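> Before I ask anything, here is the structure I am working with.
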Amino acid sequence: MTDEKLALLEQITYIDENVLKAAGINKELLEITEGSSVVNILELFDDKALNNLRNYRKKTLFNIGNKEKQNIVDGALISGKDWANIIETIRSDEELKNLVVKDSEQITTKKGKKYNLQICYQDPISKQGIITYKGTTGYEEWDDNVKAIYQKDTPCQDDALKFFQRNEKSFDDIVLVGHSKGANKAMYTTIVSDSDKISKCIGMDGQGFSNEFFEGYVAQIEKHGSKITNYSVDRDFVHVLMKQIPNSEQKYCEAYGVQKWAQFHSPFTMFKSNDGKMELNGSDKSPVFVDTNENRNTALLRKFTTYLMDKGEPEDVQKIANYIGPLVGDLLGNGSLLKALYQAIVGNL
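Here the sequence shown stands for residues 1200 to 1548, numbered as in the working numbering.
Right under this line is the structure:
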């Protein structure tokens, strides 16, 4: 299965209440049931639901008169047209549609929102296992992201590792896939599990790791790092955080369908598409990533992060992370600026 198809499969973890509501489906969460095939999971998206996605509009002061921006669905910031195309493409793909769910894990955030955090599938023919990890979800995971700059391991990374370990015994060959923090979890698990069953790890826009991580897992990185390929949009602003695995492959991709800057980190932005239609190539009809070079300004940001990690005093780096963690956690995880500022200041007095 191509890396691009695996990345497309990972989009299922992003089908949340926002997407369901935009489709006119009155559910909090896409039901992921053990033993169900992918095509069965997505069958609630009938023609009416897909048309609702294509015609979805959310008007705000910032998108007046711009139908393309109005069609963007909250959460992963993927347009309704693209969501309809994603769902239809997965359901019609011979390799993806017949995958069977073996295990899944959900999360409920502080705001009571529910998400499918990680899903384990099995290919019914090859018997290969595929684990997909969702990107950053809620306050705790945003906070966890920032504090990873000075920690060898974080609670969220450990949870991802445990999910892999409880499914490892069921397979002889496993592929790990993730976007954003999900990519970081997939890469972390590939290294720390020290499992020869992991044949490859595909990340999208995944952030890197702390100096403490690299010091603690020297042998495992040397052994397993080459299994990792991390694809990043050229202007993505998350893959530059911390340091990437040195013997992994880092690829940069063109961005498509971007209507606002935050979409440079959207999980679908690197798929070559136009007006709600993905380009599919080859006899296996695989989606397409278009290679490019990393954006100059993004590269400078990455160098600054590395400089801070290497030159800053450890206690100063920790203080910065302890202030920024709650701020980013509440602002991006909970959407509350005032609460974010309060937590960042009062929480560190």
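Idealized CB from N, CA, C, for every residue including glycine. All of these numbers come straight from a predicted model, not from anything done at the bench.
Return yes when the Cβ of T1504 is within less than 8 Å of the Cβ of V1439, no when it is not.
yes
> With a threshold of 8 Å, are at least 3 pairs of Cβ atoms found where one atom belongs to the region 1398–1405 and the other to the region 1426–1444?
yes
> For G1234, count neighbouring Cβ atoms within 10 angstroms of its own Cβ and tell me buried if that reaches 16, exposed if not.
exposed
> Taking the straight line between their C-alpha atoms, what separation do you get for G1524 and Y1416?
Only weak support exists for where G1524 lies, its pLDDT of 44 falling under 50; the value from the coordinates is given anyway. The alpha-carbon atoms of G1524 and Y1416 are separated by roughly 25 Å.
> Quick check on the DSSP output: what are the complete beta strand (DSSP E) runs of length 3 or more inside the region 1426–1486, in order along the chain?
1427–1432 and 1448–1452
> Exposed or buried, which one is F1261 when buried takes at least 16 other CB atoms within 10 Å?
In the assembly as shown, F1261 is an exposed residue. Its beta-carbon has fewer than 16 other beta-carbons within 10 Å.
> Which residue wins for smallest C-alpha separation from G1334, given the options S1379, V1437 and L1499?
S1379
> What are the boundary residues of the beta strand (DSSP E) that N1225 is part of?
Per DSSP, N1225 belongs to no beta strand (DSSP E) and is neither H nor E.
> So, helix, strand or coil for K1313, using DSSP?
strand
> Using the three-state DSSP reduction, which class does F1408 fall into: helix, strand or coil?
strand
> Is the separation between the beta-carbon of Y1349 and that of S1409 shorter than 8 Å?
Remark: C-beta atoms of Y1349 and S1409 approach each other more closely than 8 Å.
> Quick one: grab the DSSP three-state call for I1318.
strand
> Among N1473, K1510, G1456 and K1484, which residue has its Cα nearest to the Cα of I1271?
Taking I1271 as reference, the option from N1473, K1510, G1456 and K1484 with the minimal CA-CA separation is G1456.
> Give the straight-line distance between the Cα atoms of G1481 and F1467, rounded to the nearest whole angstrom.
20 Å
> Let me check understanding here. Comparing Cα to Cα, which of A1221, L1500, G1424 and D1372 lies closest to T1389?
G1424
> For the alpha helix (DSSP H) containing S1398, list its first residue and its last residue.
Looking at the DSSP string, S1398 is not in any alpha helix (DSSP H); the run it does join, the beta strand (DSSP E), is I1397 to M1403.
> Are the beta-carbon atoms of T1232 and I1318 separated by less than 8 Å?
no
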